[in-house]
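Engineer:
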Amino acid sequence: MSTVDLDQPTGRWEDPSPTPAALLLLGRGADPASERGVDCPGDLPAPSDPNLVARARAARDKLGDRAFVLGHHYQRDEVIQFADVTGDSFKLAQQAAARPDAEFIVFCGVHFMAESADILTGAHQKVVLPDLAAGCSMADMATFDQVEDCWDVLTDAGVADVTIPVSYMNSSADIKGFTGKHGGTICTSSNAKRALDWAFSQGEKVLFLPDQHLGRNTAVLELGLSLDDCVLFDPHKPGGGLTPQQLRDATMILWRGHCSVHGRFSLDSVNDVRERIPGVNVLVHPECRHEVVTAADLVGSTEFIIKALDAAPAGSAWAIGTELNLVKRLALAHPDKQVVFLDRTVCFCSTMNRIDLPHLVWALESLAAGELVNQITVDEQTSRNAKAALDQMLALP
Ligand code: 13P
Ligand code: SF4
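The working numbering puts the sequence shown at residues -5 to 391.
1) Considering only C-alpha positions, which residue in the set 202, 207, 335, 189 is nearest to residue 266?
2) Count the CB pairs spanning the region 117 to 127 and the region 158 to 170 that are closer than 8 Å, and state whether there are at least three.
3) What does the alpha-carbon distance come out to for the pair residue 204 and residue 381?
4) Report the partner residues of residue 199 according to the DSSP bridge assignment.
5) Within the present structure, is the beta-carbon of residue 343 separated from the nearest heavy atom of the ligand SF4 by less than 7 Å?
6) Helix, strand or coil, according to DSSP, for residue 12 in the structure here?
7) Using the rule of at least 16 other Cβ atoms within 10 Å of the residue's Cβ for burial, across every protein chain shown, is residue 48 buried or exposed?
8) Measure the CB-CB distance between residue 273 and residue 147 and report whether it falls below 8 Å.
9) Name all residues in chain order for which at least one heavy atom of the ligand 13P lies closer than 5 Å to the residue's CB.
10) With C-beta atoms as the reference, is residue 94 less than 8 Å away from residue 65?
11) Does the beta-carbon distance from residue 283 to residue 230 come in below 8 Å?
12) How long is the line joining the alpha carbons of residue 340 and residue 153, rounded to whole angstroms?
13) Could you check the C-alpha separation between residue 391 and residue 40 for me, to the nearest Å?
14) So, using beta-carbon positions, are residue 302 and residue 326 closer together than 8 Å?
15) Counting only the same chain and skipping the five closest in sequence on each side, list residues whose C-beta sits under 8 Å from that of residue 142.
16) In this structure, how does DSSP classify residue 107 when only helix, strand and coil are distinguished?
17) Can you give me the start and stop residues for the beta strand (DSSP E) that residue 275 sits inside?
18) Going by DSSP in three states, residue 135 sits in which element: helix, strand or coil?
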């Protein structure tokens, strides 16, 4: 199996330098360039209130069909129990679009998911994110201005006309709007291959953003491209750190972004678990680094991971490389199988974890009392362009 050569300057994994936005993960202070919200308003119930579950239930019952609660697989147990539907980001986007009668879509997930829900739902529907600080650090690694500058670089190199942007769902509405405006599509971890197949039927090159790993893993492991067909565009360097010739020679132009949670898994984690548990099946999310994915037995979205465990025989052993809330739930749901977290260290997604029971109770009680809180809205122009890209994804063959 191939591995990534860390000494190679282009097309390969590199740890991005920390950005100021990365310091705002917990929602303290305002960052206008950030896709996530900022300080969360509201008079939250005390986390120690023993009645939180009963309060959430009462508010949920009072809202009835007026509200629909979506829960991503990385949400905490205390929150996911109130979800009407759980899913990966693709399924949740579909579900949001399929609920035209719900007045409120309460999104237990992160900011880019709530934005996508707003784009896909009607004007009469309100999307609520229980904590405005629930963002995604990966999404913040591609800002609109940076992506516009990148397109200028591609234009100057003479390749923009033959390049199709493919943006991961984990991106701001602005980036989705850019993608739609330039004839591209959105993808998720469950349809990235289909999105790339489609994109290469429309153009000669793909600009894949913001997750370099999903782009590289899909291009190399599913489309059969080589690592040398990929270059890494660094928005913090002039010209992306690439020469015009490198851009002309490349097939996949990968944005230099990554998930800090999945970036924690390493080849050592895989080797270590294989030594500790002989015969273990290593199953990872495609946001993991290329060398981790190539060393794994199976790779797929959160929904894929859940289905793989459901289908696994009793007595089998599994090491899962994705967010810990999901892995813990899988271990509990499959007592007849050995399910362990791929790495020895804890790996929650801190922003997914922002949605806790106090925030959910506060959001549901406020809505039930007639007060609309934490509404996520996308402006009309951005929404129109972004919807074209999201609709393209929903229509992928
Ligand atoms: P899924 O689409 O697989 O649910 O992944 C979303 C995500 O944010 C993973 O980090
Ligand atoms: Fe973003 Fe990574 Fe958290 Fe997913 S797990 S929401 S990509 S930071």
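Note that beta-carbon positions come from the ideal geometry of N, C-alpha and C, so glycine has one too. Quick caveat: nothing in here was measured; it's all calculated off a predicted structure.
Structural biologist: On the basis of the data shown:
1) Counting from 1 along the sequence shown, the entry for residue 266 is found at position 272. For residue 266, the nearest C-alpha among the options comes from 335.
2) no
3) Here residue 204 refers to the residue found at position 210 when the sequence shown is read from its first residue. Here residue 381 refers to the residue found at position 387 when the sequence shown is read from its first residue. Between residue 204 and residue 381, the C-alpha separation is close to 18 Å.
4) The sequence position of residue 199 within the sequence shown is 205, counting from 1. BP columns for residue 199 point to 157.
5) Here the question's residue 343 lines up with position 349 in the sequence shown. Yes, the ligand SF4 has a heavy atom inside 7 Å of this Cβ.
6) Taking the first residue of the sequence shown as 1, we reach residue 12 at position 18. A caution first: residue 12 carries a pLDDT of 39, below 50, which makes its placement in the model unreliable, though a value can still be read off. Residue 12 falls in the coil class under three-state DSSP.
7) Taking the first residue of the sequence shown as position 1, residue 48 is located at position 54. Exposed.
8) Residue numbering aside, residue 273 sits at position 279 when the sequence shown is read from its first letter. Residue numbering aside, residue 147 sits at position 153 when the sequence shown is read from its first letter. Result no, Cβ atoms of residue 273 and residue 147 do not sit closer than 8 Å.
9) 82, 83, 182, 183, 295, 296
10) As a working mapping, residue 94 is identified with position 100 in the sequence shown. As a working mapping, residue 65 is identified with position 71 in the sequence shown. Taking 8 Å as the Cβ cut-off, residue 94 and residue 65 do not qualify as a contacting pair.
11) Numbered from its first residue, the sequence shown carries residue 283 at position 289. Numbered from its first residue, the sequence shown carries residue 230 at position 236. Not closer than 8 Å, so no.
12) Here residue 340 is taken as the residue at index 346 of the sequence shown, counted from 1. Here residue 153 is taken as the residue at index 159 of the sequence shown, counted from 1. Rounded to whole angstroms, residue 340 to residue 153 spans 43 Å at the Cα level.
13) As a working note, residue 391 is residue 397 in the sequence shown. As a working note, residue 40 is residue 46 in the sequence shown. When rounded, the distance between both Cα atoms is 48 Å.
14) Reading the sequence shown from its first residue, position 308 is the one you call residue 302. Reading the sequence shown from its first residue, position 332 is the one you call residue 326. The answer is no: Cβ separation not under 8 Å.
15) Indexing the sequence shown from 1 puts residue 142 at position 148. For residue 142, where only same-chain residues beyond five positions count, the Cβ hits under 8 Å are 172.
16) The residue given as residue 107 occupies position 113 in the sequence shown. Residue 107 falls in the helix class under three-state DSSP.
17) Counting from 1 along the sequence shown, the entry for residue 275 is found at position 281. 275 to 278 is the span of the beta strand (DSSP E), which, as asked, contains residue 275.
18) Position 141 of the sequence shown, counting from 1, holds the residue named residue 135. Three-state DSSP puts residue 135 in a helix.
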